[in-house]
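Just below is one structure, and these are the notes that go with it.
4 protein chains.
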Amino acid sequence: MTHKIAIIGASGYTGAELIRLIATHPNMEIAALAANSKAGQSMAQVFPHLRHLDLPDLVTWEQIDFSQIDLCFCALPHKTSQEVIRELPKTMKIVDLSADFRLRDPADYTKWYGNAHGAVEMQKEAVYGLTEFYREDIAKARLVAGTGCNAATGQFILRPLVAGAVIDLDEIILDMKCAVSGAGRSLKENLLHAELSEGYNAYAVGGTHRHQGEFDQEFSALAGRPVQVQFTPHLMPANRGILATTYVKGDPQAICATLQKAYADEPFIEVLPFGETPSTHHVRGSNFVHIGVTGDRIPGRATVVGVLDNLTKGSSGQALQNANLMLGEDETAGLMLVPCFP
Amino acid sequence: MTHKIAIIGASGYTGAELIRLIATHPNMEIAALAANSKAGQSMAQVFPHLRHLDLPDLVTWEQIDFSQIDLCFCALPHKTSQEVIRELPKTMKIVDLSADFRLRDPADYTKWYGNAHGAVEMQKEAVYGLTEFYREDIAKARLVAGTGCNAATGQFILRPLVAGAVIDLDEIILDMKCAVSGAGRSLKENLLHAELSEGYNAYAVGGTHRHQGEFDQEFSALAGRPVQVQFTPHLMPANRGILATTYVKGDPQAICATLQKAYADEPFIEVLPFGETPSTHHVRGSNFVHIGVTGDRIPGRATVVGVLDNLTKGSSGQALQNANLMLGEDETAGLMLVPCFP
Amino acid sequence: MTHKIAIIGASGYTGAELIRLIATHPNMEIAALAANSKAGQSMAQVFPHLRHLDLPDLVTWEQIDFSQIDLCFCALPHKTSQEVIRELPKTMKIVDLSADFRLRDPADYTKWYGNAHGAVEMQKEAVYGLTEFYREDIAKARLVAGTGCNAATGQFILRPLVAGAVIDLDEIILDMKCAVSGAGRSLKENLLHAELSEGYNAYAVGGTHRHQGEFDQEFSALAGRPVQVQFTPHLMPANRGILATTYVKGDPQAICATLQKAYADEPFIEVLPFGETPSTHHVRGSNFVHIGVTGDRIPGRATVVGVLDNLTKGSSGQALQNANLMLGEDETAGLMLVPCFP
Amino acid sequence: MTHKIAIIGASGYTGAELIRLIATHPNMEIAALAANSKAGQSMAQVFPHLRHLDLPDLVTWEQIDFSQIDLCFCALPHKTSQEVIRELPKTMKIVDLSADFRLRDPADYTKWYGNAHGAVEMQKEAVYGLTEFYREDIAKARLVAGTGCNAATGQFILRPLVAGAVIDLDEIILDMKCAVSGAGRSLKENLLHAELSEGYNAYAVGGTHRHQGEFDQEFSALAGRPVQVQFTPHLMPANRGILATTYVKGDPQAICATLQKAYADEPFIEVLPFGETPSTHHVRGSNFVHIGVTGDRIPGRATVVGVLDNLTKGSSGQALQNANLMLGEDETAGLMLVPCFP
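Residue numbers (full-length UniProt numbering), protein chains in the order written: chain G, 1 to 342; chain R, 1 to 342; chain D, 1 to 342; chain E, 1 to 342.
Here is the structure:
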């Protein structure tokens, strides 16, 4: 059976990435594409790399006949997303890629995003979309909230360690190196090639990045007590990829064994042999996560490095993985693309 | 039916690209991988981005039991390739990605490559692998010679124009901008990141690039008289992509119409509306070719720009397309991957 | 004697490049910096790489006391530049980096820039700022018009050849590869790192780029009859550098000899030995031009490749070189910086 | 007075960088350049960006008449450096850029570099070349050992904090992002553009990088007891720049004040206002260091980010700064080049 799919927010990078993935999905058909600021244009105009695909032209989301749609991806900016989603049919399956439904507590949302939430009821309904850890809930959900790309990376590394109590919960540092597509297709000076190529910098230093809210929520729930990690993102001169260097205290071998056991049956998560370290080059354009553990020369300290592609496993690939579960499809359908190297 | 595939020369970029593509092919199984210098290693060691695939370890080509193999890709350097292929079973289908069987005349081979050809009989047997123009011969061939990546790019632009007699055959300039993966995984100073990033230069200026031999052979045969193009390659700070800016004399509209007609039914070749120009960004990681025609302000002159990914359509994608024909598979199987942008 | 310098338009790349160069000039002092949209900010805020310099804060140009200023650089966008310059003191020396005074004929200006010129009298007064060819006029000028960066590159290659009548004037092709800083610090989608890195494309194909107007004006004047070149710019994934591959008809050795003779005494222009080709890597961040000539295998055709740094020799370095002449300084003062490689 | 300078190891990046800097030095003349593997070549062949300079051709170091030389820079690989330096005149001033004389204890040298030291007496004589902290000793020294580039970066951040006892000495993490030129002009697969661009990875994880030996020696000496930092380098897709994100425990404001006080009079070290963070873009090609301090949301923790250009301040700029002191020149001569941005 072919599922009819709509994408709202199709003129951004995560929208384009969804289309790239769905184009090879055996049982999905893109029935409608919306981008209100570019309604009327063809996708070939907005994203010439999609030129060969037979795609519907862009419309406004209000023009879509949702009665035909089996599942809708919403790839809008936060705040806009909640305003649109609350107007959509209440029975339609939705995967939201924005930040709007990631935080369960309206106060947390307001703390990190600055405005009061405009769809508090739906916020309660939404399931957090970190597939490997919320699989059963996602399969039954109507509304799934895609995670932050940094939040996903950090959790793949840390959730089994927090849950397994093999690390000191008060001494966790996440030094993250993030490719520029994570900032979206937005026109900002620091995202220009001339400003970014050949250099790099930290930003949102000191625990102020919004994905911190997801870490607080998830790790504290897992541990049963408040957990605060130190998280510093860095902007990299590269288009795809997040690498998280994680400094933890605990037995390195136990940490590696915990991760290997946790992900032994996961199709997308590869834990490397102890002492090896991964590279973003080797997951580019794919839905895979590579994680490597090394012990420090200082006993009782380990460095865990994890990588993924922020647009795929960190966003649109995760979203499709969740949609597969919600529609009863094979979880990996459309997602087994091999990383594009070199 | 699943075809059993061998790849000789699996430790280079074109070998890795073949594996990337075949991994999504419905009817191919990689049965053997050879790389004599790295025999004994796993593919995860040589190319960590292939880690998740269940691939055979590398062996020497002499260790392969070819009686089990339906088709063998040979991704070796030129000269080595002819030496290996002449030892392989004479009944096995072979797609060669090297330069060894591209030129039909042994004297041409020696002129451009410097050594006498070591398998002259096979040189006669080989079919030139530019799929869209040798499709029927390829389907019946035992040995197919993959084209040069620059040679493919120039021919996609120029063959219909030469055949259609819509341009001046003595006034053709091909200014080509080539990504660095075309040079392979070889350790040369000018291929280092520190030497290449953030700058660019011409090389093999004056008609000395070896792919010139293919242009001479193919365009002269098409035109029925000697044709010499001017071809200047440039090394670009990018990993994938060739862009050919072609300067020709003729009626721009007729040129565009000729190309649009020639490629109307081709699944991988997109001729843009008159006046639009393509970008390598929009074919990256895919088997597609984009071509655009613009008229110059000087009447009777046109600029035709064509782009493709040198590793895919320029090499391994073309090879798989040919293998599909040789094995009776759908020509596009494993090749409909959407370009990876951004 | 120290000359007091003002820069209007100091928040763009050419403004910053002027400051970088002047900082090492023995006899210049930056007395005022204007950028109306960022007035009130410090240069450290706008360009942190200038943080260590003791520079005046940004003001509006109207706030500058020009009676103190010996020479003013104007690094504004075209059209704005003429509107500002016509209000400045009529006795002050000015080097304009915009396009506003490059074309001597008001009709030409309107043809290429779309609007009527707002300072026609000054347009007549302005001297075209290609230093090596207008040196004496520049030394006596009050208002000098900096050339386009592409226009400079093409003219360094072609002026001696046009003047020396060693090439066919009706068969000149300039295929130019331009780094992104030439587009300035403007917020456009195609200038984003995610859109530009790792790929390239032609633009303004067919003779529509505005620098074409300078080629028409200068080459026609030199030849004493209309000359039209074919000029195609390409946007490169690099921040600094223009490489022009020039296809001409003539005797390659004579072409090389003509260029070597023309530039034998020039401090910034290096003509390579016959058969060598230059690279943008080797002029990055400097005021040097490298030119190389190669003969094609087709007799009577030559390929001339020239490179420079668009921000330095193509813009701000040229401007400083002209200012040196206007102020009676050594022409090379502040300009002998060695290229920054790697 | 003009000092006559020799450079041994002039065909590598640090050699070229020395020449770039010395070219603008008022009182230095390059009298001899050696590179044994490329003896007989001109510098224009080895580094075309130096083509315009009037430089001696490359010779072997044995061919240099050292009686003419006032100071010799030695830019050889470690181990080779000690073997050459012990053969040089014992009265000549030498600045060594290798690792051979950085560690004072022969056992430490053997531990980190694997071989017994071949010039133990000179190892004792050598002064550690971190200019800002060994200024007086350097001025009197005959042999100065340039520091590791990572070692310099980490020490600029941490020395005042260790000495001032404002941080917990057992809880220091240095997460360092290093540009590729730090690996030199060596032909390794992971340094190829196709392997490195658009991605990044950690290496030498767990405290195994050789610059760790310098941290151990220097911080332990400063603290008067053993200090071990955790240090993880990462290879970046960029040519110049090191960024160190340093996680420390202590009062953030006190940490910032300590750094600002320590560097108040230093010409090359800029401590940013509290809460600002630096970028490698803004020191590229220069001798400057930028440091920024931010407090974490977790009380008592601070993140200190420091940046420098590994080839300049991290190596050749530092070497020239030391040579200036040794020769009685102004310490900043030849070193005030403004960073090259964009």
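Glycine included, C-beta positions come from ideal geometry on N, C-alpha and C. Small disclaimer: the values here were computed from a predicted structure and weren't measured.
Ile157(R) sits in a helix when the DSSP states are folded into three classes. The segment 140-148 of chain E and the segment 92-100 of chain E touch, with no fewer than 3 CB-CB distances between them shorter than 8 Å.
Beyond the five residues adjoining it in sequence on each side, Asp175(D) comes within less than 6 Å, by CB distance, of Thr232 and Thr245 in the same chain, given in chain order. By the neighbour-count criterion, in which a residue is buried when 16 or more other Cβ atoms sit within 10 angstroms of its Cβ, Thr332(R) is exposed.
Residue environment analysis places Met326(E) among the buried positions, since at least 16 neighbouring C-beta atoms fall within 10 angstroms of its C-beta. The beta-carbon of Leu50(R) is placed less than 9 Å from the nearest beta-carbon of chain G.
Interface with chain D (9 Å Cβ-Cβ cutoff): Thr153(R) is excluded. By the CB criterion at 9 Å, Val338(D) and Leu308(D) fall outside the cutoff.
Straight through space, the alpha carbons of Tyr247(D) and Lys188(R) are spaced by roughly 29 Å. For Glu29(E), the pairing in a beta bridge is given by DSSP as Lys4(E).
Ser11(E) is outside the set of residues whose beta carbon lies under 9 Å from a beta carbon in chain D.
Between Leu169(G) and Arg185(D), the gap from beta carbon to beta carbon reaches 9 Å or more.
Lys79(D) places its beta carbon 9 Å or farther from that of Tyr128(D).
Straight through space, the alpha carbons of Ser67(E) and Leu243(D) are spaced by roughly 45 Å. Within chain E, no residue has its CB atom less than 9 Å from the CB of Leu337(R), the nearest being about 18 Å off. Using a Cβ distance threshold of 9 Å, Gly250(R) and Lys177(R) do not count as a contacting pair. Chain R has a Cβ within less than 9 Å of the Cβ of Ser197(E).
Under DSSP, the beta-bridge partners assigned to Ser279(D) are Asn201(R). Listed along the chain, the chain D residues whose CB falls inside 8 Å of the CB of Pro26(E) amount to none; the nearest CB is some 10 Å away. Bounds of the beta strand (DSSP E) holding Gln230(E) are Gln230 to Leu235. According to DSSP, Ile291(E) shares a beta bridge with Val271(E) and Gly306(E). Assignment of Asp96(R) by DSSP, reduced to helix, strand and coil, places it in the strand class. Residues of the segment 177-196 of chain D with a Cβ closer than 9 Å to any Cβ of chain G, in chain order: Ala179, Val180, Ser181, Ala183, Gly184, Arg185, Ser186, Leu187, Lys188, Glu189, Leu191, Leu192, His193, Ala194, Glu195 and Leu196.
Judged by pairs of C-beta atoms under 8 Å, the segment 8-21 of chain D touches the segment 309-318 of chain D, as three or more such pairs exist. In the three-state scheme derived from DSSP, where H, G and I count as helix and E and B as strand, Val84(G) is classed as helix. Val338(E) carries a coil assignment under DSSP once its states are collapsed to helix, strand and coil.
If you draw a straight line from the Cα of Val305(E) to the Cα of Ala183(E), it comes to about 22 Å. Neighbours of Pro342(E) in chain D, taken as residues whose beta carbon is under 7 Å from its own, are Tyr13, Ser181 and Asn239 in chain order.
At least 9 Å separates the beta-carbon of Arg86(E) from that of Gly40(E). Rounded to whole angstroms, Gly206(R) and Arg159(D) show a C-alpha spacing of 22 Å.
For Pro56(G) against Ile30(G), the beta-carbon gap comes to about 7 Å, under 8 Å, which counts as contact.
Exclusion of the five residues before and after Glu195(E) leaves Glu189 as the residues of its chain whose Cβ lies within less than 7 Å of its Cβ. With its beta carbon less than 9 Å from one in chain E, Pro278(G) belongs to the interface. One finds Gly285 and Cys340 in chain G with Cβ atoms closer than 8 Å to the Cβ of Gly285(R), taken in chain order. Between the alpha carbons of Asp216(E) and Ala262(E) lies a gap of roughly 21 Å.
In this structure, the straight-line span from the alpha carbon of Arg135(E) to that of Gly285(E) is close to 23 Å.
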